[in-house]
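In full-length UniProt numbering, the protein residues as written are 1 to 137.
Here a beta-carbon is modelled for each residue, glycine too, at the ideal position from N, C-alpha and C.
As the structure is a prediction and not an experimental result, all values here were calculated from the model.
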């Protein structure tokens, strides 16, 4: 059974990704895949993109440990095995770090650029309207 912190992080991710961008609603449709997937927590479809339905995969990591002092990175650990496993999917893949206390999230691409473990996560791509729109394009 998934732990409460992980469940909250997944719920926060869903809320962040489904915020309305206009009267038409959200521009992403995240679907939780269940606990049986080793490296992927969500498949996320882009809404209203045309005839084809683009998508990407996400693994969510949640923390209550805050941020590093030196670089203001989210204190969340991602083992090398998870990074390599995610990067093996023939589709865009991301790790999302959730700060459970502030209920904010950050996305990092995992598409083969750097296949090593992460002891913290960059906070450069916060899940906000402007960045969701960039991700959708």
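Look up residue i in the DSSP assignment and say whether it is helix, strand or coil.
{"i": "residue 69", "result": "coil"}
{"i": "residue 45", "result": "strand"}
{"i": "residue 112", "result": "coil"}
{"i": "residue 36", "result": "coil"}
{"i": "residue 9", "result": "helix"}
From which residue to which residue does the alpha helix (DSSP H) around residue i run?
{"i": "residue 104", "result": "That residue, residue 104, is in no alpha helix (DSSP H); its beta strand (DSSP E) goes 104 to 109."}
{"i": "residue 93", "result": "Element bounds for residue 93: not the alpha helix (DSSP H) but the beta strand (DSSP E), 93 to 99."}
{"i": "residue 57", "result": "Note, residue 57: premise wrong, no alpha helix (DSSP H); beta strand (DSSP E) at 55 to 63."}
Considering residue i, what are the terminal residues of the beta strand (DSSP E) in which it resides?
{"i": "residue 29", "result": "28 to 32"}
Could you name the residues that DSSP lists as bridge partners for residue i?
{"i": "residue 78", "result": "118"}
{"i": "residue 126", "result": "106"}
{"i": "residue 52", "result": "In DSSP, residue 52 forms no bridge with anything."}
{"i": "residue 22", "result": "25"}
Between the alpha carbons of residue i and residue j, how many angstroms are there, rounded?
{"i": "residue 64", "j": "residue 98", "result": "9 angstroms"}
{"i": "residue 122", "j": "residue 72", "result": "8 angstroms"}
{"i": "residue 48", "j": "residue 109", "result": "23 angstroms"}
{"i": "residue 86", "j": "residue 41", "result": "10 angstroms"}
{"i": "residue 93", "j": "residue 33", "result": "14 angstroms"}
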